[in-house]
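First comes the structure, then the notes that go with it.
2 protein chains.
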Amino acid sequence: MRPYETDPARIYAQSFATVRAEARLDRFPEDLRPMVIRLIHACGMVEIADRLAFSAGAMATGRAALAAGAPVLCDCEMVAAGIIRRHLPDTEVLVTLNDAAVPEMAHDLGTTRSAAAVDLWREKIKGAVVAVGNAPTALFHLLERLDAGWPKPALILGFPVGFVGAAESKAELAGDPRGCDFVALRGRKGGSAMASAAVNALANGISEEKA
Amino acid sequence: MRPYETDPARIYAQSFATVRAEARLDRFPEDLRPMVIRLIHACGMVEIADRLAFSAGAMATGRAALAAGAPVLCDCEMVAAGIIRRHLPDTEVLVTLNDAAVPEMAHDLGTTRSAAAVDLWREKIKGAVVAVGNAPTALFHLLERLDAGWPKPALILGFPVGFVGAAESKAELAGDPRGCDFVALRGRKGGSAMASAAVNALANGISEEKA
Chain A
781 MRPYETDPAR IYAQSFATVR AEARLDRFPE DLRPMVIRLI HACGMVEIAD
831 RLAFSAGAMA TGRAALAAGA PVLCDCEMVA AGIIRRHLPD TEVLVTLNDA
881 AVPEMAHDLG TTRSAAAVDL WREKIKGAVV AVGNAPTALF HLLERLDAGW
931 PKPALILGFP VGFVGAAESK AELAGDPRGC DFVALRGRKG GSAMASAAVN
981 ALANGISEEK A
Chain B
781 MRPYETDPAR IYAQSFATVR AEARLDRFPE DLRPMVIRLI HACGMVEIAD
831 RLAFSAGAMA TGRAALAAGA PVLCDCEMVA AGIIRRHLPD TEVLVTLNDA
881 AVPEMAHDLG TTRSAAAVDL WREKIKGAVV AVGNAPTALF HLLERLDAGW
931 PKPALILGFP VGFVGAAESK AELAGDPRGC DFVALRGRKG GSAMASAAVN
981 ALANGISEEK A
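Just so you know, the sequences run in chain order A and B.
Each residue of the first sequence is one higher than the last, beginning at 781 in the working numbering.
Each residue of the second sequence is one higher than the last, beginning at 781 in the working numbering.
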């Protein structure tokens, strides 16, 4: 059995040092870099730094929203499960995907359950932080609702993953963020761990790095 | 707004068709290919097919374990959250990471909480399916316990992610799986979505593909 590092503080420090050494971070606003580092840390891929799209105010807007008590709206349970709740003890983290009404809504709308579940965000969307870590159709559907006049969320964290619609939905967001702040990973890559990491970065930056 | 696919069956079919077109699957045993496809689908990266390590009996052993009522032991809540429970309605899915005893155990052992939490698997480990989707130290610690004489799990799904210990812990598993069946993604990449996908593949293959 080979030796391995067991000290949490040294693991974090070494991880973040590797990210800083390998990833190009200088194109990001200073306040967004902790999120970029956390995103890379969550997936083990420094190269995602080169494909992140973002608005300049994303971090400040997201932090202000959470500080003001805004909810976090997630497209799936995995995103919610990855949010470190001790950093957001009073924040509502909402997942509507498994609401009993969703299958029928999806059928009636002719879309996926993930997209239909977005309609249940209507009363919470204004000023919210949206974290999409799985379903391209959830992000597309949200953008359609915004085009139809919904109130705007503060920040959209766009990390749907996969081969059908993921790259396209994030390109649609990055090309026209509908007046919202946003961070999104272009292309097929993404996932719930990245979406959670983005929320965690809003909540706490990289405080573990200093542990 | 660009048009996008909203039909779940077509999304699945198109996704799996893309995976089959782009990924090299022929080196895998026939019964393992549905898992490989699901793993790729979970992360949007066909290239992971080239870095998967596995034992020839992994799929049959894992399916038999679940069919016999074995529990699934996960290193974090996100892995558990990604397991499709309707395919495993009677299976115990256990996460010990947030057990109240773990912080003190970690302190006493001089290791991470993720590693210490593995010690709470002791009574469940024999014949179990282990799904590691986050912490390299959890996988290392399990291998140490097996070296020390613990009963063996049936199958180890090794998908810890990151820059410190992830590649090393999976190399240790693949180099000497301690008599267990295993599937692991070599290198830094991994994550809870892949670990969940591997469990879901055991439970249901790729039935959605035929939906």
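Just so you know, even glycine gets a beta-carbon here, dropped at the ideal spot from N, CA and C.
Computed from a predicted model, the values in this text were never measured in an experiment.
query, result
"Check whether the Cβ of A973 (chain A) sits closer than 7 Å to any heavy atom of the ligand MG, and report yes or no.", "The ligand MG is absent from the structure shown, which contains no ligands of any kind."
"Run through chain A and tell me which residues come within less than 8 Å of C854 (chain B), C-beta to C-beta.", "Near C854 (chain B) there are no residues of chain A at all, since even the closest Cβ is about 11 Å away, more than 8 Å."
"Hey, is F939 (chain B)'s beta-carbon within less than 8 Å of any beta-carbon in chain A?", "no"
"Give the secondary structure of F808 (chain A) by DSSP, where H, G and I count as helix, E and B as strand, and everything else as coil.", "coil"
"List the whole-angstrom C-beta distance separating G842 (chain A) from V912 (chain A), where the pair is believed to meet the contact cut-off of C-beta under 8 Å.", "Contact doesn't hold; Cβ gap of about 14 Å is too wide."
"Could you list which residues in chain B have their beta carbon closer than 7 Å to that of G837 (chain A), in chain order?", "Within 7 Å Cβ-Cβ: nothing; G837 (chain A) doesn't reach chain B, min ~24 Å."
"Taking its Cβ as the centre, do 16 or more other Cβ atoms sit within 10 Å of D961 (chain B), making it buried, or is it exposed?", "buried"
"If we count the other Cβ atoms within 10 Å of its Cβ and call it buried at 16 or more, is G849 (chain A) buried or exposed?", "exposed"
"Using a C-beta to C-beta distance shorter than 8 Å, which residues of chain A count as neighbours of R968 (chain B)?", "G824, M825"
"Determine the direct distance from the alpha carbon of A983 (chain A) to that of D811 (chain A), and round the result to whole angstroms.", "13 Å"
"If you reduce the DSSP assignment to three classes, tell me which class D956 (chain A) lands in.", "coil"
"Rounded to a whole number of angstroms, what is the C-alpha to C-alpha distance between M858 (chain B) and T891 (chain B)?", "21 Å"
"Where D787 (chain B) and G959 (chain B) are concerned, what is the direct C-alpha to C-alpha distance, given to the nearest angstrom?", "44 Å"
"Does the beta carbon of A895 (chain A) sit closer than 8 Å to a beta carbon anywhere in chain B?", "yes"
"Just to confirm, is the Cβ distance from N914 (chain A) to V941 (chain A) under 8 Å?", "yes"
"Does the Cβ of I936 (chain A) have 16 or more other Cβ atoms within 10 Å, making it buried, or fewer, making it exposed?", "buried"
"So the beta strand (DSSP E) L900 (chain A) belongs to, where does it begin and stop?", "It is not in any beta strand (DSSP E) - L900 (chain A) carries neither H nor E in the DSSP assignment."
"Tell me which residues share the same chain as A977 (chain A) and place their Cβ nearer than 6 Å to its Cβ, disregarding the 5 neighbours each side in the sequence.", "R818, L819, A822"
"Is there at least one Cβ from chain D nearer than 8 Å to H821 (chain A)'s Cβ?", "Note that chain D does not occur in the displayed structure, where the protein chains are A and B."
"Could you check whether the segment 852-870 of chain B touches the segment 827-837 of chain B, counting it as contact only if at least three pairs of C-beta atoms, one from each stretch, sit closer than 8 Å?", "no"
"Looking at the structure shown, is E988 (chain A) part of a helix, part of a strand, or coil, going by DSSP?", "Unreliable placement is indicated for E988 (chain A), whose pLDDT of 41 sits below 50; no coordinate value is reported for it."
"Does the distance from the C-beta atom of E992 (chain B) to that of R782 (chain A) stay below 8 Å?", "Here chain B has residues from 781 to 991 only, and residue 992 (chain B) is not among them."
"Which residues of the segment 876-906 of chain A have a Cβ closer than 7 Å to any Cβ of chain B? Give them in chain order.", "G890, T891, T892, A895"
"Considering only DSSP beta bridges, list what D961 (chain B) is partnered with.", "B:L935"
"Please report the straight-line C-alpha distance between R790 (chain A) and A840 (chain B), rounded to a whole angstrom.", "39 Å"
"Can you say whether M974 (chain B) is buried or exposed, counting buried as having 16 or more other CB atoms within 10 angstroms of its CB?", "buried"
"Answer with yes or no whether the minimum CB distance from V816 (chain A) to chain B is below 8 Å.", "no"
"Between the C-alpha atoms of G945 (chain A) and V963 (chain B), what's the straight-line distance to the nearest angstrom?", "29 Å"
"Output, in chain order, the set of chain A residues within a Cβ distance shorter than 7 Å of D927 (chain B).", "M781"
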